[in-house]
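According to our numbering, the sequence shown is numbered sequentially starting from 75.
Idealized CB from N, CA, C, for every residue including glycine.
Quick caveat, the model's predicted, so the values are computed rather than measured.
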Amino acid sequence: MLNQLRTDFYRLSHTLGIYLTLLFAIGYSAVITGKNIVGGIMVTTDSMAKLDSSKLWTLKDGINASTLSSSLLVYAFIGIFVMTIGYEFSQKTYKNTLVSGITRTQFIISKYLVMLINIFVLSLVYFFTSIVTGMLLSRSVGTSWSKLLATVFKTSLVIAFFISVIFGLAILVLLLTSSIVIGSIFIVICPILVTTVHNIANWSWLKYFDFFSVAMKISLGLIPNNQLWNYISVSLLVLLVTIVLSVVVIRNKEM
């Protein structure tokens with residue numbers, strides 16, 4: 075599996091798409107912080123309360139604004155899904171990988187890990203760009219540097235994990251349909267659909283599956299500590315079931 079991970083990282087590093095995604099993350103974060111705006115979608119009233127747009131922003135405010143705006147990253151990172159596993163299924167080259175000695179389980183897990191690590195690194199770049207932009211504008215820190223850097227690391231990890239859960243589900247959809255288009259459309263529709271149904275139907279249990287809203291709320295400290303593990307447990311269970319089902323599906327695919 076380590077060889078597969080190295081191969082995927084090497085291939086991604088020689089793909090134009092990963093650098094375009096990186097440039098988008100940098101540019102998007104710089105605009106948000108520099109212009110004192112909040113972008114993205116699925117921004118709720120309680121999360122907006124964490125940011126006072128009328129005052130002079132600090133570096134911490136820039137991180138909060140970047141967190142609120144990070145919902146758009148789900149769609150910007152679709153390219154990672156396509157480049158990591160989509161191309162192999164659209165061109166049927168995944169069969170060459172499977173006959174090279176790697177098991178189906180290792181194949182699925184390695185693809186998930188590649189996406190998770192890439193999303194985490196790009197998220198770090200996204201938030202560090204906010205800090206650098208704020209520093210160039212001579213803004214104060216707004217908190218201690220240790221707390222600010224800890225927030226950046228925690229937020230990047232939380233956002234990367236919950237995005238990766240959505241991408242893990244997209245892998246299963248791709249395997250079931252053998253369509254990179256349907257898998258990509260699922261990534262686009264899933265967060266919006268869950269959030270919309272949650273808001274309209276007001277089903278309390280659906281909040282645990284509103285993965286990206288959960289990521290933002292955890293990052294901004296809007297979920298009480300005594301409820302935090304419930305959200306994480308559901309996400310881990312969904313991820314585990316998704317990986318198991320993906321392995322079952324790929325084992326039954328014709329080579």
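What's the C-alpha gap between residue i and residue j?
i: Leu231; j: Lys166; result: 32 Å
i: Ser287; j: Ser220; result: 26 Å
i: Phe98; j: Thr177; result: 35 Å
i: Ser252; j: Tyr102; result: 32 Å
i: Ile317; j: Ile324; result: 11 Å
i: Gly160; j: Ile254; result: 5 Å
i: Val322; j: Tyr282; result: 25 Å
i: Ser278; j: Asp135; result: 30 Å
i: Leu246; j: Asp82; result: 19 Å
i: Thr327; j: Ile297; result: As written in the sequence, residue 327 is Lys, which differs from the Thr given in the question. Going from the Cα of Lys327 to the Cα of Ile297 covers about 41 Å.
i: Met122; j: Phe163; result: For Met122, the pLDDT reaches just 49, beneath the cut-off of 50, and the residue's location in the model is therefore unreliable, although a value from the coordinates is still provided. Rounded to the nearest angstrom, the two C-alpha atoms are 40 Å apart.
i: Leu210; j: Leu250; result: 48 Å
i: Ile266; j: Val188; result: 25 Å
i: Ser143; j: Val173; result: 42 Å
i: Leu190; j: Gly108; result: 28 Å
Between residue i and residue j, is the Cβ-Cβ spacing less than 8 Å?
i: Phe155; j: Thr171; result: no
i: Thr95; j: Leu196; result: yes
i: Ala289; j: Ile233; result: yes
i: Thr141; j: Thr229; result: yes
i: Ile274; j: Thr203; result: no
i: Leu222; j: Leu133; result: yes
i: Ile193; j: Ala139; result: no
Report buried or exposed for residue i, applying the criterion of at least 16 other Cβ atoms within 10 angstroms of its Cβ.
i: Val148; result: buried
i: Gly153; result: buried
i: Tyr93; result: exposed
i: Tyr168; result: buried
i: Ile111; result: exposed
i: Gln301; result: exposed
i: Trp131; result: buried
Quick one: residues in its chain with C-beta nearer than 6 Å to the C-beta of residue i, no 5 flanking neighbours on either side, listed in chain order?
i: Leu310; result: none
i: Ile292; result: Val232
Looking only at its own chain, which residues have a Cβ that is under 7 Å from the Cβ of residue i, when we skip the five neighbours before and after it?
i: Phe236; result: Phe285, Phe286, Val288, Ala289 and Ser309
i: Leu313; result: Val239 and Gly242
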